[in-house]
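Residue numbers (the numbering used here): 1039 to 1164. C-beta: ideal position from N, C-alpha, C; glycine also. Quantities reported herein were computed from a predicted structural model and do not represent experimental measurements.
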Amino acid sequence: MSGLRRQIAAGLSVLAALTLLPRPAAAHALVLESSPRANEVVTVSPSRIFLSFNSRIEKALSGVTLRGPGGRPVPLLVTAPDPSPNHLALSLPALQPGEYLVHWKVLSADGHVTEGAFRFTLAPPP
């Protein structure tokens, strides 16, 4: 019996070790770079929103919204397709001074939906 107990103990030890080992992180899409940048104060109305992600995204199933002063939605237009599978770029109309909220929601290549938001401010002219 002691041999069987040793085998069971060894098996449980291996199982515990495998459970506790760090696992590789899933490649959920997160913003690496944006233009405008998060919390940036710009003095000229940006012509586009550009987002660069850390992994490939499914562009057809992803989106960006922009809300301006007072929470008003701002229309966005898809620019010429960016050849990079990690980028989203959208054209902007001329913006009025104020604070803007960019919200993005993307489907990453690993099948997970991730989303986030950041603000930027367009300063009034001097």
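- Sixteen is the threshold: since fewer than 16 other Cβ atoms of the shown chains lie within 10 Å of the Cβ of L1115, the residue is exposed.
- No residue range can be given for H1066, since it is assigned to no beta strand (DSSP E) and is classified by DSSP as neither H nor E.
- In terms of CA proximity to V1102, W1142 leads the group W1142, G1154 and E1153.
- The beta carbon of A1067 sits closer than 7 Å to those of F1091, N1092, S1093, I1095, V1144, S1146 and T1152, all from its chain and outside the five residues before and after it, given in chain order.
- P1162 sits away from P1121, with the two beta carbons spaced by 7 Å or more.
- Membership of T1152 in the beta strand (DSSP E) is indicated by the continuous run V1151 to L1160.
- Where R1086 is concerned, the enclosing beta strand (DSSP E) starts and stops at R1086 to F1091.
- Nearest in C-alpha terms to P1111, of all of V1140, L1070 and F1156, is V1140.
- Non-local C-beta neighbours of F1158 in its own chain, meaning closer than 6 Å and more than five positions away in sequence, comprise P1074, E1078 and Y1138, ordered along the chain.
- As the crow flies, the alpha-carbon of P1131 is around 9 Å from that of P1084.
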